[in-house]
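Visitor: Structure below; questions to follow.
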Amino acid sequence: MKITHSITEYAALRSALEGHSSPRVAYVPTMGALHEGHRSLIKLAKTRGDVVVVSIFVNPLQFGPGEDYARYPRPLEDDLQVCQADGVDIVFVPSVPDLYPAGRQVTVDAGILGSLLEGQSRPGHFNGVLTVVLKLFNIIRPHVAVFGEKDAQQLACIQRMVADLNLSVELVGAPIVREPDGLALSSRNVFLSATERAVARSLSAALEKAATQSSVRSARAAAYEVLDRAEAEPCFELDYATIVHPSTFAEVPDDHVGLGKFVVAARVGGTRLIDNTTINFTPAPWA
Ligand code: PAF
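If you're matching positions, the sequence shown starts at 9 in the numbering used here and goes up one per residue.
Dropping the structure here:
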C-alpha cells in the first residue's frame, strides 16, 4: 500500500498506472476515523475497480463556525491500518495548505439542493463538500467514486455536480451500515455519552416505524410517535424529520406515490446526527 501526502507524488503514481494496462481506479473519499461504514465503501470500491484509492482529509471548508472541525477525530495511524487490512492500494492524505493554498478564490456553489435541510442548518456546508470533492476528483482522476448513502443529501449534491459540470466519473452509493440496534454508523458516534447513545437510537427507530407504512401521512405520524418521545429527553433536539423526493430533496405532498426519502437530523448532546431511509409509497386502495 502506498501512502502519499503530496499532490505531485500522487500525480506521478496515477500517471504510472496509465503506463500499465490502464486499470480502473475506484475512489473512496473520506475524512478518516474509519469505521465499518467506510470499510463497506472500500469493499464495494474493490468490486468496481482494479486499483482502490482512499483519501483522508478533514475538510475545513465544509464545517461552519462553532461546528466540530477542531475536535473531529483524526486517528491517522488506525486509519492506515484499516486501509492496509482492507487491501487499499493508495492512501492520499493531503494537508490543508496543499489543498487550500493562500490566494484561492473559486468555490463550487451547490445551488438550491445545497440550501435545503442540511444546507439550511449548516449554511455553506455543501459548497464546502462540493469544492473539496471536485478538487479531489481532479487530483485522484478516478473512474468510479463510492459514497455512503447515510449522507443522502451529500450524495444527491455530488450527483447534481457530476451532471451539471459534465464530470466523467461514475458515482456509486453504498447502503448505510448500522449498529445491531439500528443506529447508523458515524465517525461522530464516539462523541455520544451512554445516555445520549441510548437516545440516539430514536432516529433509526423512527425511520424503521415509518418504513412499515404505505402513505406519506402515516409514515410521518409513525415516525413522530418515536421522535416526540425522544424530544422529552433533555439531550435530544430534533432539527428536521421530513419526506423528500430522492433527488431534488423537495418535500413530497401527502398523496405522493413512488419513492420518497425520509430524512432526519437531530442534535444529541453536542453531537449532530443524521439518518435516512427510502420508502416506496403505494396508492391508497380507494384511490
Ligand atoms: O462524507 C465525507 O466524509 C465528506 O463529506 C467527504 C465526501 C469526504 C468530503 O469531505
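Beta carbons: idealized from backbone N, C-alpha and C, even for Gly.
Could you give the distance in angstroms between the alpha-carbon of threonine 115 and the alpha-carbon of leucine 52?
Guide: As a first step, residue 115 must be located in the sequence shown, where it is residue number 107. As a first step, residue 52 must be located in the sequence shown, where it is residue number 44. Going by the C-alpha atoms only, they are around 30 angstroms apart.
Visitor: Locate the beta strand (DSSP E) running through proline 37, then write down its first and last residues.
Guide: Stepping through the sequence shown from its first residue, residue 37 is reached at position 29. Run containing proline 37: 33-38, per the beta strand (DSSP E) assignment.
Visitor: Grab me the residues of alanine 258's own chain with a C-beta within less than 7 angstroms of its C-beta, minus the 5 sequence neighbours each way, in chain order.
Guide: Counted from its first residue, the sequence shown places residue 258 at position 250. These residues qualify, in order along the chain: Val252.
Visitor: So, are the CB atoms of glycine 277 and leucine 163 less than 8 angstroms apart?
Guide: Here residue 277 corresponds to residue number 269 of the sequence shown, with the count starting at 1. Here residue 163 corresponds to residue number 155 of the sequence shown, with the count starting at 1. The answer is no: Cβ separation not under 8 angstroms.
Visitor: To which residues of the same chain is leucine 193 closer than 7 angstroms at the C-beta, ignoring the five residues directly before and after it?
Guide: Mapped onto the sequence shown, residue 193 falls at position 185. Here the set comprises His43, Glu44, Gly45, Val185, Arg186, Glu187.
Visitor: Compare the beta carbon distance of valine 3 and glutamine 221 with 8 angstroms and say whether it is the shorter of the two.
Guide: In the structure as shown, the chain begins at 9 and stops at 295. Residue 3 is therefore absent and cannot be evaluated.
Visitor: Here's a check: name, in chain order, each residue in its chain whose Cβ is nearer than 6 angstroms to the Cβ of lysine 54, leaving out the five neighbours to either side.
Guide: In the sequence shown, residue 54 corresponds to position 46, counting from 1. Around lysine 54: Val60.
Visitor: So, with DSSP's three-state summary, where would you put serine 23?
Guide: Walking along the sequence shown from the start, residue 23 turns up at place 15. Note: serine 23 maps to helix in three-state DSSP.
Visitor: Who pairs with alanine 274 in a beta bridge, going by DSSP?
Guide: Position 266 of the sequence shown, counted from the first residue, corresponds to residue 274. DSSP lists Leu246, Leu281 as partners of alanine 274.
Visitor: Say the cut is 7 angstroms; is the CB of methionine 39 nearer than that to a heavy atom of the ligand PAF?
Guide: By one-based count along the sequence shown, residue 39 stands at place 31. Yes, the ligand PAF has a heavy atom inside 7 angstroms of this Cβ.
Visitor: Just to confirm the assignment, what range does the alpha helix (DSSP H) spanning lysine 54 have?
Guide: For the purposes of this step, residue 54 is taken as the residue at position 46 of the sequence shown. Where lysine 54 is concerned, the enclosing alpha helix (DSSP H) stretches over 44-56.
Visitor: Quick one: using the 10 Å Cβ neighbour count with 16 as the cut-off for buried, is asparagine 146 buried or exposed?
Guide: To locate residue 146, count along the sequence shown from 1; it is residue 138. Exposed, because fewer than 16 other Cβ atoms sit within 10 Å of the Cβ of asparagine 146.
Visitor: Could you round the C-beta distance between valine 101 and isoleucine 64 to whole angstroms and report it? I think they count as a contact, below 8 angstroms.
Guide: As a position in the sequence shown, residue 101 is number 93, starting the count at 1. As a position in the sequence shown, residue 64 is number 56, starting the count at 1. Right, their Cβ atoms sit about 5 angstroms apart.
Visitor: Using the C-alpha atoms, what's the distance from valine 272 back to valine 250?
Guide: One-based indexing of the sequence shown puts residue 250 at position 242. One-based indexing of the sequence shown puts residue 272 at position 264. For the record, residue 250 in the displayed sequence is threonine; it is not valine. Roughly 7 angstroms separates the two Cα atoms.
Visitor: At a cut-off of 7 angstroms, would you count alanine 284 as near the ligand PAF, judging by its Cβ distance to the nearest heavy atom?
Guide: The count along the sequence shown starts at 1 and reaches residue 284 at position 276. First, the amino acid is wrong: residue 284 is asparagine here, not alanine. No, the ligand PAF has no heavy atom inside 7 angstroms of this Cβ.
Visitor: Tell me threonine 12's beta-bridge partners as DSSP assigns them.
Guide: The sequence position of residue 12 within the sequence shown is 4, counting from 1. Answer is Phe100.
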